[in-house]
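S.K.:
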Amino acid sequence: MRYKQFTSGMCRVTSLALVSLALVAGSAIVQATGVGDFVVDSSKAAGLENCVEPTEYMRRNHMEVIRHQRDTTVYGGIRSTKHSLAGCVECHVGYDAQHKPVGIDGDGQFCAACHDYAAVKLNCFDCHATVPQGEAWNQVRATEHESLLPGVEEQADAAAAAAAASGAKAAAQESRAQ
Amino acid sequence: MGALASSAAGDADAAARTDPVTDRHRWGMFVDTSKCADGCTACVDACDQENGLNLQSEPHGDDEAKWQNQRAVWIRKVKLRDQATGHVTNLPLMCQHCEHPPCVDVCPTGASFKRADGIVMVDRHTCIGCRYCMMACPYKARSFIHEQVDQKLTRAPRGMGCVESCNLCAHRLDTGDISTACADACAAENHHAIVFGDLKDPTSPVRQAMAKQTSRQIREDLELNTGVRYAGI
Amino acid sequence: MSKRIVYREWLIQPERYWGLLAILAAVIAIGGAAALYMEHEGHWVTGMTNSVVWGLPHVFAVFLIVAASGALNVASIGTVFNKPSYKPLGRLSGLLAAGLLVGGLLVLVLDLGRPDRLLVAMTTYNFSSIFAWNIFLYTGFLAITIGYLWTMAERKGNYLQRPVGIFAFLWRLALTTGTGSIFGFLVGRSAYDTAVLAPMFVVMSFAYGLAIYMLVLMTSFEWDGRPIGPKILKRLKDLLGLFVGAVLYFTLIYHLTNLYGAKHADFESFLLLDGGLYTLMFWGGWVLVGGLLPLGIIYHPRLSKDRNWIATACALVIAGGLAAMYVVIIGSQAFPLEMFPGKTVLAFGAPGDIGGAVAPYTPSLPELLLGIGGVAVAMLIVSVGIRVLQFLPESLSDREMDGLAEPA
Ligand code: SF4
Ligand code: SF4
Numbered sequence: 138m139r140y141k142q143f144t145s146g147m148c149r150v151t152s153l154a155l156v157s158l159a160l161v162a163g164s165a166i167v168q169a170t171g172v173g174d175f176v177v178d179s180s181k182a183a184g185l186e187n188c189v190e191p192t193e194y195m196r197r198n199h200m201e202v203i204r205h206q207r208d209t210t211v212y213g214g215i216r217s218t219k220h221s222l223a224g225c226v227e228c229h230v231g232y233d234a235q236h237k238p239v240g241i242d243g244d245g246q247f248c249a250a251c252h253d254y255a256a257v258k259l260n261c262f263d264c265h266a267t268v269p270q271g272e273a274w275n276q277v278r279a280t281e282h283e284s285l286l287p288g289v290e291e292q293a294d295a296a297a298a299a300a301a302a303s304g305a306k307a308a309a310q311e312s313r314a315q
Numbered sequence: 236m237g238a239l240a241s242s243a244a245g246d247a248d249a250a251a252r253t254d255p256v257t258d259r260h261r262w263g264m265f266v267d268t269s270k271c272a273d274g275c276t277a278c279v280d281a282c283d284q285e286n287g288l289n290l291q292s293e294p295h296g297d298d299e300a301k302w303q304n305q306r307a308v309w310i311r312k313v314k315l316r317d318q319a320t321g322h323v324t325n326l327p328l329m330c331q332h333c334e335h336p337p338c339v340d341v342c343p344t345g346a347s348f349k350r351a352d353g354i355v356m357v358d359r360h361t362c363i364g365c366r367y368c369m370m371a372c373p374y375k376a377r378s379f380i381h382e383q384v385d386q387k388l389t390r391a392p393r394g395m396g397c398v399e400s401c402n403l404c405a406h407r408l409d410t411g412d413i414s415t416a417c418a419d420a421c422a423a424e425n426h427h428a429i430v431f432g433d434l435k436d437p438t439s440p441v442r443q444a445m446a447k448q449t450s451r452q453i454r455e456d457l458e459l460n461t462g463v464r465y466a467g468i
Numbered sequence: 007m008s009k010r011i012v013y014r015e016w017l018i019q020p021e022r023y024w025g026l027l028a029i030l031a032a033v034i035a036i037g038g039a040a041a042l043y044m045e046h047e048g049h050w051v052t053g054m055t056n057s058v059v060w061g062l063p064h065v066f067a068v069f070l071i072v073a074a075s076g077a078l079n080v081a082s083i084g085t086v087f088n089k090p091s092y093k094p095l096g097r098l099s100g101l102l103a104a105g106l107l108v109g110g111l112l113v114l115v116l117d118l119g120r121p122d123r124l125l126v127a128m129t130t131y132n133f134s135s136i137f138a139w140n141i142f143l144y145t146g147f148l149a150i151t152i153g154y155l156w157t158m159a160e161r162k163g164n165y166l167q168r169p170v171g172i173f174a175f176l177w178r179l180a181l182t183t184g185t186g187s188i189f190g191f192l193v194g195r196s197a198y199d200t201a202v203l204a205p206m207f208v209v210m211s212f213a214y215g216l217a218i219y220m221l222v223l224m225t226s227f228e229w230d231g232r233p234i235g236p237k238i239l240k241r242l243k244d245l246l247g248l249f250v251g252a253v254l255y256f257t258l259i260y261h262l263t264n265l266y267g268a269k270h271a272d273f274e275s276f277l278l279l280d281g282g283l284y285t286l287m288f289w290g291g292w293v294l295v296g297g298l299l300p301l302g303i304i305y306h307p308r309l310s311k312d313r314n315w316i317a318t319a320c321a322l323v324i325a326g327g328l329a330a331m332y333v334v335i336i337g338s339q340a341f342p343l344e345m346f347p348g349k350t351v352l353a354f355g356a357p358g359d360i361g362g363a364v365a366p367y368t369p370s371l372p373e374l375l376l377g378i379g380g381v382a383v384a385m386l387i388v389s390v391g392i393r394v395l396q397f398l399p400e401s402l403s404d405r406e407m408d409g410l411a412e413p414a
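Line order of the protein sequences matches chains A, B and C.
Going by my numbering, the first residue of the first sequence is number 138, and it counts up by one from there.
Going by my numbering, the first residue of the second sequence is number 236, and it counts up by one from there.
Going by my numbering, the first residue of the third sequence is number 7, and it counts up by one from there.
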């Protein structure tokens, strides 16, 4: 796919204002191919040099990478690698003026913008969360529960109470391996 | 070897796994029904929160009573009365993580599967929503997602048209946390009716609890060798 | 040499033909729209719940699939059992079987939670699942039926007719057994925990398939002014009587095994005495409408000679068959899973969650429309088939049939 097409496509799917904004604000930090990038400004990714693999590679092969990770996670229980979809969302999700995350499959957002452009159906988000919310990998809670391990009966209470209370919200401290 | 290669209790540095799960562990639970308190729903609430079940919303226009049977439920509080003695028993009922799971046997695509560590779950990527597994499960443990789901947690994907059930908080186990939301919540209420652990490790809390009391499987006659055992039923 | 059978395309007037097609197409379109609606909204718009997971679409789908294998029976009798008078009936039998199967499968597929993943279902198999085997059995059945039709229609292939016919016959027995086993494998449910289910499905398929076949045959001949002699009609209706009787017999065996063999007395009393709608469906639909009434007509000295009454008997068998499927599929799900023998379930989950009590189920309109759409698909396939190809024999008059009586 030619990057010129990427550029024109972006004009089609995202607003012009956003483009110019991206060009101005992002020209310094968005390294990969300069213009024509779908990386959303407000996302963490915009501030990073590279994706988890070289950008060029990710453009063409992200679906393979994600699919491979998918089976590893579902059948092998390995959730912590850099190739997880949760990682994509966490890094690429954009934020609105109130610093609230915007669904990554929303109009003009990272995943949707490019998929719309390429006219490829995107159905990861039929089931997967579109904003980072309640991640599994949670170092904080994991440490909390160590005390629970040997003798459940006795000293459980305090730590468990804390855990139950923090139940829904994954603690702020996401420590994705890498 | 992986982070969980050593016995469950030995994972001092509780880290996310980097090796695939193996059959060295088989996760399971022991429920002491005498400790399960009447009216308490701590385990159910905790599960709802942990697995994003509380984020489901009744579709506009659905019948309220029908919706109660359509929303996904992973764990239920069941209350029984013995017909002979009148004795009342409370217990939490969830997927029993059968060693020989009928749901897995019948699934046409292999989406229902048993992980090497004994956890039975659904691979949403291949589930076609035929609901045959729900027909096959003797415990009514499974739920079909009847509606579009807007809100979901990263750790608990959920979408219309697939079937799901309790996965023993696999996301916790995979990230080095040997516990389930329900067991934690029960302990936090000081009931300690649910003990979670490795059925293959004689030193694990679950095995020790089982050594102290006789336990049974629900529908033992089906010989499914369930991973969840109950005392006092 | 026996007399040659002359087959001819369906020659009804174009207005009538296109009118029929238009009606069928409209019914199919409505059914398709209903399916789309359910897929778009999700299954919450249906009456289905986590307790009754298979609803009305499955009733139609299973009925059509079971009837499909039964419809092929007529051809089997002609070739496999070498009954010459059934030979001219063979082609329509094959076509009808293919049509009913396609209709049934379509309904089944459109009721999936993720019909868009059909490709997954066709490419990833779990070979311990009887459901996956059924996918093979169904597609194989279709292929064999088409091959069988070819051996009947193409003179070059005629010599293969008997071996292919036998193969088709065995395959369809496997298919019906397979369909029956879908339920037989559900160990946790009292209703299905019996080996009688599979043979019961086989005789049901004979009865329902033949009833549909006879209706289609009589209607298509009538419209086209082709004669059906009383002899062949008598043979067919006697056969139907036999099959309907067999269904009743197996029904009895089924309940007896449930009562005395498997000790599912609670389920039996639900079905036979106090199950409300399901009890009514069982006695009124399955037994009376689908069994006793048609038998009464078929063996009535006067009524049994009247075509309209024979057609009525066929229609009753079909209606009773749908009721039977409703009882077998939905009644058994509505009845609570018995997990705690000797205990009464006081509460099961949050209030409103069903367990230990009969689960409510009210079929919704879209489900019904989808089911009827499947029937219309079957009818459309048959109508187009007999119109453009030579499926129907010119005549089934007694004189014609007598010419066939001597085997070659
Ligand atoms: S309890 Fe039901 S869902 Fe869970 S493994 Fe057993 S059969 Fe499957
Ligand atoms: S609903 Fe999904 S998991 Fe259940 S049997 Fe069908 S394909 Fe398998």
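Think of the CB as a built atom: it goes at the ideal place given N, C-alpha and C, for glycine as much as any other residue.
In three-state terms, what does DSSP make of G263(B)?
M.R.: strand
S.K.: Determine which residues of the region 254 to 273 of chain A have a Cβ less than 7 Å from any Cβ of chain B, and write them out in chain order.
M.R.: D263, C264, H265, A266, P269, Q270, G271, E272, A273
S.K.: Is there a Cβ of chain B sitting closer than 8 Å to that of D359(C), yes or no?
M.R.: yes
S.K.: State the beta-bridge partners of S347(B) as determined by DSSP.
M.R.: V357(B)
S.K.: If you compare alpha carbons, which of S91(C), G184(C), S211(C), W16(C) is closest to R241(C)?
M.R.: S91(C)
S.K.: So if I threshold CB-CB distances at 8 Å, which residues from the region 382 to 400 of chain B count as touching chain C?
M.R.: E382, Q383, M395, G396, C397, V398
S.K.: How many angstroms separate the CA atom of S414(B) from the CA atom of C365(B)?
M.R.: 31 Å
S.K.: Please give me, in chain order, every unbroken run of the alpha helix (DSSP H) with length at least 4 that falls completely inside the region 127 to 177 of chain C.
M.R.: Fully enclosed alpha helix (DSSP H) runs of 4 or longer: 136 to 159.
S.K.: Taking the alpha helix (DSSP H) that R97(C) falls in, what are its first and last residues?
M.R.: 96 to 116
S.K.: Identify the continuous beta strand (DSSP E) that holds I429(B) and give its terminal residues.
M.R.: 429 to 433
S.K.: Nearest to L278(C) by CA position, among K269(C), H270(C), W289(C), is which residue?
M.R.: W289(C)
S.K.: Tell me, to the nearest whole angstrom, how far the beta carbon of A81(C) is from that of S99(C); I am working on the premise that it is less than 8 Å.
M.R.: 4 Å
S.K.: Out of D404(C), P372(C), S403(C), which has the shortest C-alpha to C-alpha gap to V113(C)?
M.R.: Checked all of D404(C), P372(C), S403(C); the closest Cα to V113(C) is P372(C).
S.K.: Is any beta-carbon of chain C found at less than 8 Å from that of C365(B)?
M.R.: yes
S.K.: Quick one: grab the DSSP three-state call for S370(C).
M.R.: coil
S.K.: Identify each residue in the region 350 to 384 of chain C for which the Cβ-Cβ distance to at least one residue of chain B is less than 9 Å, and report them in chain order.
M.R.: T350, V351, L352, A353, F354, G355, A356, P357, G358, D359, I360, G361, G362, A365, P366, T368
S.K.: For ligand 1, I want to know if S400(B) counts as a neighbour, meaning its beta carbon is within less than 7 Å of at least one of the ligand's heavy atoms.
M.R.: yes
S.K.: For H427(B) and A405(B), what's the separation of their Cα atoms in angstroms?
M.R.: 21 Å
S.K.: Comparing the C-beta of C372(B) with each C-beta of chain C, is any distance below 8 Å?
M.R.: yes
S.K.: Could you tell me if G238(A) is buried or exposed, where buried requires 16 or more neighbouring beta carbons within 10 angstroms of its beta carbon?
M.R.: In the sequence as displayed, the identity of residue 238(A) is Pro instead of Gly. P238(A) comes out buried.
S.K.: What residues from chain B crowd round M44(C), counting only those whose CB sits closer than 8 Å?
M.R.: By Cβ distance, chain B contributes nothing, its closest Cβ being about 10 Å from M44(C), past 8 Å.
S.K.: Cβ of A207(B) less than 8 Å from any chain A Cβ?
M.R.: Nothing about residue 207(B) can be read from this structure; chain B reaches only from 236 to 468.
S.K.: Once you ignore the five residues that flank K387(B) on each side, which residues in its own chain have a CB closer than 7 Å to its CB?
M.R.: G287, L290, R393
S.K.: Can the beta-carbon of G462(B) be found closer than 8 Å to that of E285(B)?
M.R.: no
S.K.: Could you tell me whether the Cβ of M401(C) comes closer than 8 Å to any Cβ of chain B?
M.R.: This sequence places Ser at residue 401(C); Met is not what is there. Answer no: the Cβ-Cβ gap between S401(C) and chain B never drops below 8 Å.
S.K.: Are there 16 or more other CB atoms within 10 angstroms of the CB of E290(A), so buried, or fewer, so exposed?
M.R.: In this prediction, E290(A) has a pLDDT of 40, which is less than 50 and means its spatial position is unreliable; nothing more can be read from the coordinates.
S.K.: For L375(C) and A40(C), which I take to be in contact (beta-carbon distance under 8 Å), what is that distance rounded to the nearest angstrom?
M.R.: 4 Å
S.K.: For E399(B), does the three-state DSSP call read helix, strand or coil?
M.R.: strand
S.K.: Given 7 Å as the limit, tell me if S347(B) has its C-beta closer than that to any heavy atom belonging to ligand 2.
M.R.: yes
S.K.: Once DSSP output is grouped into helix, strand and coil, what is the label at K349(C)?
M.R.: strand
S.K.: With I310(B) as the anchor, note down where its beta strand (DSSP E) starts and where it stops.
M.R.: 310 to 317
S.K.: Do G287(B) and ligand 2 come close, with the Cβ less than 7 Å from some heavy atom?
M.R.: no
S.K.: So what does R451(B) bridge to, in DSSP terms?
M.R.: Y465(B)
S.K.: I'd like to confirm something about C188(A): is its beta-carbon nearer than 7 Å to some heavy atom of ligand 2, or not?
M.R.: no
S.K.: Kindly examine ligand 2 and report whether one of its heavy atoms sits closer than 7 Å to the Cβ of T52(C).
M.R.: no
S.K.: So the candidates are P294(B), Q452(B), D436(B); which of them puts its Cα closest to the Cα of P347(C)?
M.R.: Q452(B)
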